[in-house]
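Residue numbers (my numbering), protein chains in the order written: chain X, 1142 to 1327; chain G, 19 to 299.
The structure under discussion appears below in the form of structure tokens.
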């Protein structure tokens, strides 16, 4: 396994371009949550030429709908959801300046091409380890679409959030490369 | 007739919802530990380590293993000598789900209308309930919270009888391949063979309730389970689809007689957070 890169979000183009498929990343800083329903609204907002509820420049979007927080806690369990459902919207957000996406599962060809074009990366967090991942979230605040409940947009402050680079800006894909490496003819 | 109060059923269901989402069954934990020992990929090993850490944290802090606390799927074996008083069974179950998901800080993941409005029902109801009337005076309630990720990658097909055993094998392996990283491997593969269009997926889902390591009592099907598991683990998908040996922890097959013209097959994929819990009243 490769060594770990520490990154601070929001990200710069410089941060992004040195990342390679398979890199372990430990992410700190500010990120925003959005999944299906929020993406639909965000893209509708962009299409109407309106401003997004947060400045998209350099931002990292975490595809998650967290569980409710127990009293006294920052957030409930919060692991990644399947990213391909966000594929129809992701390109618009990259065009608006988004530099990173966190989720699980593979992305479509068009999204991968857009990552090369707009210099953005796709990170995987481990799916289904939501209790563990919630421990790296130090602050959480709903900033938009509160009516969507778990799907509302939250501003998260994370510390050393563990990620892997799945798609870099050069067109690599960790899912394909990893599976090929361990595949025996079946 | 033995009388059982609807309120008691609701209370039992409330507790089941919380327990099922906080504590992973011990057979699944053991299989994950075994997977960690077997896995050759360093990235895969790291994933399995995170999964095992997560199991501990969820139990210690009483927080859900996965943020997707699922659709509440119930399998009820209702003894025919039971009379439910003070309410009806399905309402009692949904009342328990409502309270369990609210008081247990579990995510509400149900939209009231699948197509047009898609607004969240805000209490995780209605549940999906399968009821079987059985001899006796007890009620067995099994809850299997089912997340969306692996469910979305499940498939059903009406094969031709001529497709035979090879057709079945190809369909199962193709389904796991297509699911790839999306279904949160290592997975448990539930396979339903036979019955008809709606029976096969019910068998596949029921197969997921079986303990890991237990086989179909029919030797031919047990051998098929072993062969499929070995072949799936040679595909290379690995933990979280990042490459590796441990793609599935088990393949469980259930079967049922079928029409002379048919060979229905369903594959229901279960993510590594294979939650289910039962209680008998």
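All C-beta atoms in this analysis are idealised placements derived from N, C-alpha and C, irrespective of residue type, glycine included.
Please read all numbers here as calculations on a predicted model, not as lab measurements.
Quiz prompt | Chain-order list of residues whose beta-carbon lies under 6 Å from that of residue 59 of chain G (same chain, five-residue window excluded) | solution = By 1-based counting over the second chain, the position of residue 59 of chain G is 41. Hits under 6 Å: 256, 261 and 262.
Practice problem: Going by DSSP, name the residue or residues bridged to residue 1294 of chain X. | Solution: Within the first chain, residue 1294 of chain X is the residue found at index 153, counting from 1. As a beta-bridge residue in DSSP terms, residue 1294 of chain X pairs with X/1285.
Quiz item: For residue 290 of chain G and chain X, any beta-carbon pair shorter than 9 Å?
Solution: What you label residue 290 of chain G is simply residue 272 of the second chain in a count that begins at 1. Closer than 9 Å to some Cβ of chain X, the Cβ of residue 290 of chain G qualifies, so yes.
Quiz item: Which ranges does the beta strand (DSSP E) cover as unbroken runs of at least 3 residues, wholly within the stretch 197-274 of chain G, from first to last along the chain?
Solution: 205-213, all fully within the stretch 197-274 of chain G.
Quiz prompt | Run of the alpha helix (DSSP H) containing residue 72 of chain G, from where it starts to where it stops | solution = Mapped onto the second chain, residue 72 of chain G falls at position 54. Start and end: 60-79.
Exercise. To the nearest angstrom, report how far apart residue 147 of chain G and residue 61 of chain G are at their CA atoms.
Key: What you label residue 147 of chain G is simply residue 129 of the second chain in a count that begins at 1. What you label residue 61 of chain G is simply residue 43 of the second chain in a count that begins at 1. Going by the C-alpha atoms only, they are around 39 Å apart.
Quiz item: Should residue 234 of chain G be labelled buried (16 or more other beta-carbon atoms within 10 Å of its own) or exposed?
Solution: Position 216 of the second chain holds residue 234 of chain G. In this structure residue 234 of chain G is buried. Its beta-carbon is surrounded by 16 or more other beta-carbon atoms within 10 angstroms.
Quiz item: If you scan the stretch 1191-1277 of chain X from start to end, which runs of the beta strand (DSSP E) of 3 or more residues do you find wholly inside it?
Solution: Counting whole runs of 3 or more residues, the stretch 1191-1277 of chain X contains the beta strand (DSSP E) stretches 1201-1203, 1241-1244 and 1262-1265.
Self-check item: Bridge partner(s) assigned by DSSP for residue 163 of chain G
Solution: Here residue 163 of chain G corresponds to residue number 145 of the second chain, with the count starting at 1. Paired residue(s): G/90.
Quiz item: Quick one: what does DSSP say residue 3 of chain G is sitting in, helix, strand or coil?
Solution: Missing from the structure shown is residue 3 of chain G; chain G here goes from 19 to 299 and no further.
Quiz prompt | Sequence-distant residues of its chain with Cβ nearer than 6 Å to residue 269 of chain G (five each side left out) | solution = Taking the second chain and counting its residues from 1, one reaches residue 269 of chain G at position 251. Same-chain partners within the cutoff: 207, 243, 246 and 247.
Quiz prompt | Cβ-Cβ separation, residue 1167 of chain X to residue 1302 of chain X (assumed contact under 8 Å), whole Å | solution = By 1-based counting over the first chain, the position of residue 1302 of chain X is 161. By 1-based counting over the first chain, the position of residue 1167 of chain X is 26. Going by Cβ atoms, the distance from residue 1302 of chain X to residue 1167 of chain X rounds to 7 Å, so yes, they are a contact pair.
Quiz prompt | For residue 138 of chain G: DSSP bridge partner residues | solution = Position 120 of the second chain holds residue 138 of chain G. DSSP output for residue 138 of chain G lists G/129 as bridge partner(s).
Practice problem: Tell me whether residue 1164 of chain X sits in a helix, a strand or coil according to DSSP, three-state version. | Solution: Along the first chain, one-based indexing puts residue 1164 of chain X at 23. When DSSP states are grouped into helix, strand and coil, residue 1164 of chain X belongs to the coil group.
Self-check item: Separation of residue 1196 of chain X from residue 1291 of chain X, as counted between CA atoms
Solution: To locate residue 1291 of chain X, count along the first chain from 1; it is residue 150. To locate residue 1196 of chain X, count along the first chain from 1; it is residue 55. Taking the Cα positions, residue 1291 of chain X is about 21 Å away from residue 1196 of chain X.
Quiz item: Using DSSP with H/G/I as helix, E/B as strand and the rest coil, what is residue 1308 of chain X?
Solution: Mapped onto the first chain, residue 1308 of chain X falls at position 167. Reduced to three states, the DSSP call for residue 1308 of chain X is strand.
Quiz item: Just to check, is the beta-carbon of residue 1196 of chain X closer than 8 Å to a non-hydrogen atom of the ligand HEM?
Solution: This structure lacks the ligand HEM; in fact it carries no ligand of any kind.
Quiz item: Checking contacts by CB at 9 Å: is residue 86 of chain G closer than that to chain X?
Solution: In the second chain, residue 86 of chain G corresponds to position 68, counting from 1. So, interface residue.
Quiz item: So residue 1317 of chain X is in the alpha helix (DSSP H); what residue range does that whole segment cover?
Solution: By 1-based counting over the first chain, the position of residue 1317 of chain X is 176. For residue 1317 of chain X, the uninterrupted alpha helix (DSSP H) segment begins and ends at 1315-1323.
Quiz item: In chain order, what residues of the same chain have a beta carbon less than 6 Å from the beta carbon of residue 118 of chain G, not counting five sequence neighbours either side?
Solution: Locating residue 118 of chain G in the second chain gives position 100, where the first residue counts as 1. In the same chain as residue 118 of chain G, and ignoring 5 residues on each side of it, the C-beta atoms closer than 6 Å to its own belong to 32, 35 and 36, in chain order.
Quiz item: In three-state DSSP terms, what is residue 29 of chain G?
Solution: By 1-based counting over the second chain, the position of residue 29 of chain G is 11. Residue 29 of chain G: helix per DSSP, three-state reduction.
Quiz prompt | Limits of the beta strand (DSSP E) - the one that residue 103 of chain G falls within | solution = By 1-based counting over the second chain, the position of residue 103 of chain G is 85. DSSP places residue 103 of chain G inside the beta strand (DSSP E), whose first and last residues are 100-103.
Quiz item: By how many angstroms is the C-alpha of residue 1284 of chain X removed from the C-alpha of residue 216 of chain G?
Solution: Locating residue 216 of chain G in the second chain gives position 198, counting from the first residue. Locating residue 1284 of chain X in the first chain gives position 143, counting from the first residue. So the two alpha carbons sit approximately 43 Å from each other.
Exercise. Within its chain, find whatever has a CB closer than 6 Å to the CB of residue 124 of chain G; leave out the 5 residues flanking it on each side and keep chain order.
Key: Along the second chain, read from residue 1 onward, the residue named residue 124 of chain G stands at position 106. Cβ neighbours of residue 124 of chain G beyond the five flanking positions: 39, 82 and 87.
Self-check item: Secondary structure of residue 286 of chain G, DSSP reduced to three states
Solution: Start at 1 with the first residue of the second chain, and residue 286 of chain G comes out as number 268. DSSP places residue 286 of chain G in strand when its eight states are reduced to three.
Self-check item: Minimum C-alpha distance to residue 1200 of chain X - residue among X/1248, X/1236 and X/1314
Solution: Position 59 of the first chain, counted from the first residue, corresponds to residue 1200 of chain X. Of the listed residues, the one whose Cα sits closest to residue 1200 of chain X is X/1236.
Quiz item: Can you tell me where the alpha helix (DSSP H) with residue 1146 of chain X in it begins and where it stops?
Solution: Position 5 of the first chain holds residue 1146 of chain X. Run containing residue 1146 of chain X: none in the alpha helix (DSSP H); it sits in the beta strand (DSSP E), 1145-1150.
Exercise. Sort out for me which residues DSSP pairs residue 291 of chain G with in a bridge.
Key: Here residue 291 of chain G is taken as the residue at index 273 of the second chain, counted from 1. Residue 291 of chain G is not bridged to any residue.
Practice problem: Give the DSSP bridge partners of residue 50 of chain G, in chain order. | Solution: Locating residue 50 of chain G in the second chain gives position 32, counting from the first residue. DSSP lists no partner for residue 50 of chain G.
Quiz item: Since residue 1225 of chain X meets chain G, which of its residues come closer than 9 Å, beta carbon to beta carbon?
Solution: The sequence position of residue 1225 of chain X within the first chain is 84, counting from 1. Contact of residue 1225 of chain X with chain G by beta-carbon distance below 9 Å involves 200.
Quiz item: CA-CA distance, residue 173 of chain G and residue 191 of chain G?
Solution: Numbered from 1 along the second chain, position 155 holds the residue referred to as residue 173 of chain G. Numbered from 1 along the second chain, position 173 holds the residue referred to as residue 191 of chain G. Approximately 11 Å, taken between the alpha carbons.
Self-check item: Option in X/1271, X/1234 and X/1313 with minimal Cα separation from residue 1161 of chain X
Solution: Position 20 of the first chain, counted from the start, is the residue given in the question as residue 1161 of chain X. Comparing Cα positions, the closest option is X/1313.
Quiz item: Is the stretch 155-173 of chain G in contact with the stretch 88-99 of chain G, if contact means three or more CB pairs nearer than 8 Å?
Solution: Contact between the stretch 155-173 of chain G and the stretch 88-99 of chain G is present, because at least three Cβ pairs lie under 8 Å.
Quiz prompt | Closer than 9 Å to chain X by CB, residue 243 of chain G | solution = Working through the second chain from its first residue, we reach residue 243 of chain G at position 225. Answer no: the Cβ-Cβ gap between residue 243 of chain G and chain X never drops below 9 Å.
Quiz item: Buried or exposed: residue 134 of chain G, going by 16 or more other Cβ atoms within 10 Å of its Cβ?
Solution: Here residue 134 of chain G corresponds to residue number 116 of the second chain, with the count starting at 1. The residue is exposed, with fewer than 16 neighbouring Cβ atoms inside 10 Å.
Quiz item: Which class does residue 20 of chain G belong to by DSSP, given the choice of helix, strand or coil?
Solution: By one-based count along the second chain, residue 20 of chain G stands at place 2. DSSP, reduced to helix, strand and coil, places residue 20 of chain G within a strand of the structure shown.
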